[in-house]
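Right, one structure below, let's go through it.
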Amino acid sequence: MQGLAGIAGLLLIAWLCSENRKAVPWRAIGAGLVLQLVLALLFLKLPFMKDLFLNLNEILSALEKSTQAGTALVFGYLGGGATPFAVTDANSNFVLAFRALPIVLVMSAISALLFHWGVLQWIVRGISWVLVRVMGVGGVVGLSTAANVFVGMVEAPLLIRPYLGRLTRAELFSVMTCGSTNCR
């Protein structure tokens, strides 16, 4: 009941903050809730679906660990390697430029390579085909939203970078909102 109350509360807040309350796409909202329920049932009841996404998550975790290892190799303790001195507070050892930005650069390079090879366009077209028919949402927004679950809010928009110039104001807002809330 708490989850349903949360969904209703968030929908109410979004409706109250809307610029044009009469233009709220109730079909898309309903379809999104049904799609979420169907996906939850698939992932909870079908073991091979759960295994598929766990394997995808493992691949992305390996990419992140490899990037961290490379960063530690290149930048030493600034990049997450062993410190040459005693550390009293482990949180003070985090340097954004050397720890977080390298994964952003790696994801940017991978997305550029996938776009160059035409793989990213194929993925966007596939997601777009499904989401346009089910919810009326384009594939670029869907891809960015889905990518948030696996790669994070900073790296996900990098996957759709070539499409950012063509997004409508509403689509861009959806991408930014999903990124800031991690859509989880």
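Our numbering applies: residue 54 is where the sequence shown begins, and numbers increase by one.
We put the beta carbon where it would ideally sit given N, CA and C, even for glycine.
Every value quoted in this text rests on a predicted model; they were computed, and no experiment measured them.
Cα-Cα separation, residue i to residue j
i	j	result
E72	A223	11 Å
A125	R186	46 Å
V127	N201	28 Å
L211	A139	37 Å
L57	L64	11 Å
S227	V193	10 Å
L220	V159	24 Å
C236	G133	The predicted position of C236 is uncertain, since its pLDDT is 45 and thus under 50; a value taken from the coordinates is nonetheless stated next. In a straight line, the C-alpha of C236 is about 28 Å away from that of G133.
L173	A61	35 Å
S242	F168	No answer is possible for residue 242: the residues shown for the chain start at 54 and end at 237.
G85	M102	19 Å
V91	L99	11 Å
F147	A209	22 Å
E111	G171	24 Å
S119	P215	26 Å
G59	L225	24 Å
P78	C231	17 Å
M206	S145	23 Å
F96	L107	10 Å
D238	L154	This structure leaves residue 238 out entirely; the chain is present only between 54 and 237.
First and last residue of the uninterrupted alpha helix (DSSP H) at residue i
i	result
A162	154–170
P210	209–212
Nearest residue (CA-CA) to residue i, options the options
i	options	result
L149	G171, S114, Y130	Y130
S181	A165, W170, T198	T198
G189	W68, A58, L88	L88
L217	W68, V177, I66	V177
G179	G83, G195, L105	G195
A122	R152, C231, A67	R152
A81	S145, D142, L184, F96	L184
- request: Just list the alpha helix (DSSP H) runs in the region 69–133, keeping only unbroken ones of 4 residues or longer that don't cross its boundaries, in chain order.
  value: For the region 69–133, the continuous alpha helix (DSSP H) assignments of 4+ residues that do not extend past its boundaries occur at 79–98, 100–128, in sequence order.
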